[in-house]
Amino acid sequence: LYPSGSSTYTNNRFQDRFEAVNVYYHIDTMMRYINETLGCVVGPYQYATGVRFDPHGLNGADNSYYLTSSGRLSFGEGGVDDSEDADVIIHELGHGLHDWITGGSLSQVNGLSEGLGDFFATSYDRSLGHWGPGNPQYNWVFNWDGHNPFWSGRSTAYGASYPGGLTGSIHTDGQIWATCLMRIYDKIGREKIDKAVIEGLASTGSNTNQNAAANAVFQAALNMGYNVDDLTDMRDEFIATGYTIPSIPTGVADASDTETTQPARAFFAAPNPFTQSTRLHYSVSARGGAAVDVAIYNVAGQRVKTIARGHRVAGSYDTSWDGRDESGAQVRSGVYFYRASIDGRQNVARLVHMR
Ligand SMILES: [Ca+2]
Ligand SMILES: [Ca+2]
Ligand SMILES: [Ca+2]
Ligand SMILES: [Zn+2]
Numbered sequence: 008l009y010p011s012g013s014s015t016y017t018n019n020r021f022q023d024r025f026e027a028v029n030v031y032y033h034i035d036t037m038m039r040y041i042n043e044t045l046g047c048v049v050g051p052y053q054y055a056t057g058v059r060f061d062p063h064g065l066n067g068a069d070n071s072y073y074l075t076s077s078g079r080l081s082f083g084e085g086g087v088d089d090s091e092d093a094d095v096i097i098h099e100l101g102h103g104l105h106d107w108i109t110g111g112s113l114s115q116v117n118g119l120s121e122g123l124g125d126f127f128a129t130s131y132d133r134s135l136g137h138w139g140p141g142n143p144q145y146n147w148v149f150n151w152d153g154h155n156p157f158w159s160g161r162s163t164a165y166g167a168s169y170p171g172g173l174t175g176s177i178h179t180d181g182q183i184w185a186t187c188l189m190r191i192y193d194k195i196g197r198e199k200i201d202k203a204v205i206e207g208l209a210s211t212g213s214n215t216n217q218n219a220a221a222n223a224v225f226q227a228a229l230n231m232g233y234n235v236d237d238l239t240d241m242r243d244e245f246i247a248t249g250y251t252i253p254s255i256p257t258g259v260a261d262a263s264d265t266e267t268t269q270p271a272r273a274f275f276a277a278p279n280p281f282t283q284s285t286r287l288h289y290s291v292s293a294r295g296g297a298a299v300d301v302a303i304y305n306v307a308g309q310r311v312k313t314i315a316r317g318h319r320v321a322g323s324y325d326t327s328w329d330g331r332d333e334s335g336a337q338v339r340s341g342v343y344f345y346r347a348s349i350d351g352r353q354n355v356a357r358l359v360h361m362r
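For what it's worth, the numbering used here labels the leading residue of the sequence shown as 8, then goes sequentially.
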């Protein structure tokens with residue numbers, strides 16, 4: 008699309024090639040960070056390749072979007088070109104991440120997905136260290152596309168609390184969620200809050216409100232073995248925002264005990280992608296055991312193979328899937344979902360089967 012005669016990159020923002028490279032760079036950076044640095048296997052279920060996007064879509068409108076039907080991102084060019092701003096790119100990618108980790112059940116209740124996009128954009132931006140807490144830009148969302156005569160942008164220094172401060176406008180209300188998560192970022196650091204958000208929201212659905220999302224994120228942090236200091240910081244900020252969060256269970260180790268241990272990963276498949284077979288891990292933590300339903304689904308949402316079903320005692324489980332359906336036939340290569348419902352809690356992981 009944009010051939011170059013030289014290996015020197017000399018494009019500026021007035022050349023369309025700049026936006027194509029800028030979007031590619033930021034999507035690639037974020038997807039590598041999530042999949043490789045954080046170890047969360049996340050990617051589109053609508054197709055088996057990398058994230059697809061159009062850097063000059065929407066016939067020039069001042070808007071951008073992620074489409075759940077196609078799994079693609081599209082960026083408009085009104086005002087400042089949207090794809091010149093990493094905040095816009097990562098905000099839209101945030102909707103994609105939300106869709107992919109929930110297996111197609113992204114929630115916009117209380118503007119949850121808008122707030123999630125603003126959070127991922129600001130988390131990335133803040134990690135670059137361009138602005139200090141004393142600069143207003145530290146909290147801005149859409150520093151380049153907005154906060155200018157075209158439009159006012161958004162902020163993660165939003166003062167409203169939950170639920171009294173909700174307005175009913177998703178883009179406005181999402182700022183309550185993003186502001187709370189960025190306050191946690193400042194206390195426990197980027198990787199811990201990003202990972203808890205991704206792992207936590209993976210167990211949510213299309214009706215999840217901000218309060219339920221906060222509880223899912225907190226539960227994920229507990230499941231991954233975050234220490235008492237981190238859990239206390241998270242809980243304090245959630246409660247200060249207005250969410251209702253249970254106490255930290257007694258018996259959770261304090262910081263000095265867990266500083267050197269890796270958080271346990273209770274739910275995952277490996278290898279992934281796989282060719283012959285993949286091992287499926289899940290665990291039951293309730294003392295009295297739990298009702299489990301573990302199965303493989305295709306991208307159309309159809310159950311391909313039941314792995315385990317019924318009551319299981321507390322413990323870690325290790326099983327496998329050989330890429331065959333209920334009748335024993337080899338399934339086609341492509342994207343599948345490993346889903347485990349454990350006492351009604353949904354865990355979803357994306358699997359890529361290659362033959
Ligand atoms: Ca441009
Ligand atoms: Ca714009
Ligand atoms: Ca920003
Ligand atoms: Zn959005």
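Backbone N, C-alpha and C fix where the C-beta goes; we use that ideal spot for every residue, glycine too. Only a predicted model underlies this, so the values are computations on that prediction, with no experimental measurement involved.
Is the beta carbon of residue i within less than 8 Å of some heavy atom of ligand 4?
i	result
H288	no
Does the beta carbon of residue i fall short of 8 Å from some heavy atom of ligand 3?
i	result
A293	no
N29	no
D94	yes
A128	yes
F245	no
W107	no
N18	no
V148	yes
D193	no
In terms of residue numbering, what span does the alpha helix (DSSP H) encompassing residue i cover?
i	result
Y250	Run containing Y250: none; DSSP gives neither H nor E here.
H178	I177 to I195
N70	Note, N70: premise wrong, no alpha helix (DSSP H); not H, not E.
G124	L119 to S134
F225	Q217 to N230
I104	In the sequence under discussion, the amino acid at residue 104 is Leu, which differs from the Ile named in the question. L104 -> alpha helix (DSSP H) spans A93 to I108.
Which value, in whole angstroms, describes the spacing of the CA atoms of residue i and residue j?
i	j	result
N142	S130	16 Å
L208	Q115	13 Å
R331	R316	18 Å
P136	G122	Note that residue 136 corresponds to Gly in the displayed sequence, not to Pro. If you take the alpha carbons of G136 and G122, they lie about 21 Å apart.
S367	H63	The requested residue 367 does not occur in the structure, where the chain is confined to residues 8 to 362.
E244	D329	44 Å
T313	A302	4 Å
Y72	A321	43 Å
L8	V359	28 Å
A347	F21	49 Å
D240	I205	18 Å
P10	T17	13 Å
W184	G12	46 Å
L100	V28	15 Å
F127	R133	10 Å
G160	F274	38 Å
N234	V259	7 Å
F281	Y304	16 Å
L188	Q337	43 Å
D35	D106	18 Å
V87	D152	5 Å
A307	W138	44 Å
I177	D125	12 Å
E91	V58	18 Å
A220	M37	22 Å
L65	S81	7 Å
R79	W147	25 Å
A203	N155	33 Å
T109	G118	16 Å
A298	A93	43 Å
H33	W158	23 Å
List the DSSP bridge partners of residue i.
i	result
Y31	Answer is none; Y31 lacks a bridge partner.
F281	H360
Q337	R331
R310	Y304
V116	Its beta-bridge partners do not exist; DSSP assigns none.
L287	A276 and T326
W147	S162
A55	A55 is not bridged to any residue.
Below 8 Å, is the gap between the Cβ of residue i and the nearest heavy atom of ligand 2?
i	result
D89	yes
D69	yes
E84	yes
D236	no
D152	yes
F274	no
F157	yes
I want to check one thing, is the minimum distance from the CB of residue i to the heavy atoms of ligand 1 below 8 Å?
i	result
D23	yes
E198	no
R161	no
E206	no
Within the continuous beta strand (DSSP E) that includes residue i, where are the two ends?
i	result
V301	A297 to N305
G322	G322 to W328
N354	R352 to H360
I349	G341 to I349
D61	R59 to D61
Run the proximity test for residue i: is its beta-carbon closer than 8 Å to any non-hydrogen atom belonging to ligand 5?
i	result
Q337	This structure does not include ligand 5; its bound ligands are ligand 1, ligand 2, ligand 3 and ligand 4.
Just to be sure I understand the criterion: a residue counts if its Cβ is closer than 6 Å to at least one heavy atom of ligand 4. Which residues meet that? Chain-ordered list of matching residues: H98, H102, E121 and G124.
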